[in-house]
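Enquirer: Right, I'll just put the structure down here and ask away after.
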Amino acid sequence: MLSGPAVTDIAHTIQLAVAPVFLLAGIGGILNVLAGRLQRVVDRSRFLATLHGESTGAEHERHVWELRLIDRRIKVVSASIALSVASAIAVCLLVALLFVASLAQLRAAVPVAILFVLAMMLLTAGLVSFAYEVRLAIINVRVPRELLEKDT
6 MLSGPAVTDI AHTIQLAVAP VFLLAGIGGI LNVLAGRLQR VVDRSRFLAT
56 LHGESTGAEH ERHVWELRLI DRRIKVVSAS IALSVASAIA VCLLVALLFV
106 ASLAQLRAAV PVAILFVLAM MLLTAGLVSF AYEVRLAIIN VRVPRELLEK
156 DT
């Protein structure tokens, strides 16, 4: 009979891997939201690009201002996506390391902890970037004060 980890050891490793797998599902949901935001921003930039050549004066200045803001939002949401994907990759590596360490009967507590902390830091950075992008979007949709002061 082959020597190696018992079925109970592998079952325990699977139990340990369940939490990171749920984390992956959560990151997948975040990525879905981020991809949707990116698509909306890209669609808006394409729409404004068609108006850009036809507009003049204050309207043109508003389009240019919004296009600059949209360009910034695209960069920020893209960074958020990249950070979230990097976090998901770190979680995948964590799960793989759990299984390799179990099968090879290696002590991998430190690398596992490092990967988990790295995944959390990347995810946190991605969420901070996402919050910043939301803030940029809010700037774009603020109602001008002169419209709020009119009676009619």
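Here the sequence shown stands for residues 6 to 157, numbered as in this note's numbering. Beta carbons: idealized from backbone N, C-alpha and C, even for Gly. Small disclaimer: the values here were computed from a predicted structure and weren't measured.
1. Output the distance between the C-alpha atoms of S89 and A101, rounded to the nearest integer angstrom.
2. At the level of alpha carbons, what is the spacing between E66 and S134?
3. Just verifying my parser: in three-state terms, what is the DSSP assignment at A95?
4. Spatial neighbours of V46 within its chain, please: C-beta separation below 7 angstroms, excluding the five flanking residues on both sides.
5. If we call anything under 7 angstroms between Cβ atoms a contact, is L120 one with L99?
6. Measuring alpha carbon to alpha carbon, tell me which of L153, R150, V146 ends up nearest W70.
7. Taking L127 as the reference, which of V139, T55, L28 has the closest Cα?
8. Note down the Cα distance separating G34 from A142, rounded to an integer number of angstroms.
9. Please say whether L72 and L43 have beta carbons closer to each other than 7 angstroms?
10. List the endpoints of the continuous alpha helix (DSSP H) containing V23.
11. What residues in its chain sit with their C-beta under 8 angstroms from that of S107, if we drop five residues either side in the sequence?
12. Tell me whether A113 sits in a helix, a strand or coil according to DSSP, three-state version.
13. Using the beta-carbon count (16 or more within 10 Å), is A93 buried or exposed?
14. In terms of residue numbering, what span does the alpha helix (DSSP H) encompassing R150 cover?
Expert: Reading it off the structure:
1. Translated into the one-based positions of the sequence shown, residue 89 becomes position 84. Translated into the one-based positions of the sequence shown, residue 101 becomes position 96. Across the structure, S89 and A101 are spaced so that their CA atoms are roughly 18 angstroms apart.
2. Your numbering for residue 66 matches position 61 in the sequence shown. Your numbering for residue 134 matches position 129 in the sequence shown. The C-alpha of S134 is placed about 27 angstroms away from the C-alpha of E66.
3. Start at 1 with the first residue of the sequence shown, and residue 95 comes out as number 90. Note: A95 maps to helix in three-state DSSP.
4. Locating residue 46 in the sequence shown gives position 41, where the first residue counts as 1. The residues I75, R78, I79, V82, in chain order, have a CB closer than 7 angstroms to that of V46 in the same chain once the five nearest residues on each side in sequence are set aside.
5. In the sequence shown, counting from the first residue as 1, residue 120 sits at position 115. In the sequence shown, counting from the first residue as 1, residue 99 sits at position 94. L99 is positioned such that its CB atom lies closer than 7 angstroms to that of L120.
6. What you label residue 70 is simply residue 65 of the sequence shown in a count that begins at 1. Among L153, R150, V146, the Cα nearest to that of W70 is on V146.
7. Here residue 127 refers to the residue found at position 122 when the sequence shown is read from its first residue. If we check each option's Cα against that of L127, L28 comes out closest.
8. Translated into positions along the sequence shown, residue 34 becomes position 29. Translated into positions along the sequence shown, residue 142 becomes position 137. When rounded, the separation of the alpha-carbon atoms in G34 and A142 is 20 angstroms.
9. As a working mapping, residue 43 is identified with position 38 in the sequence shown. As a working mapping, residue 72 is identified with position 67 in the sequence shown. L43 places its beta carbon 7 angstroms or farther from that of L72.
10. For this step, residue 23 is matched to residue 18 along the sequence shown. From DSSP, the alpha helix (DSSP H) with V23 extends over 12-57.
11. Numbered from its first residue, the sequence shown carries residue 107 at position 102. So the list reads P10, D14, I15, H17, T18, once near-sequence residues are dropped.
12. Translated into positions along the sequence shown, residue 113 becomes position 108. Correct three-state label for A113: coil.
13. Here the question's residue 93 lines up with position 88 in the sequence shown. A93 counts as buried, since no fewer than 16 other beta carbons sit within 10 angstroms of its beta carbon.
14. For this step, residue 150 is matched to residue 145 along the sequence shown. That run of the alpha helix (DSSP H) goes 150-154.
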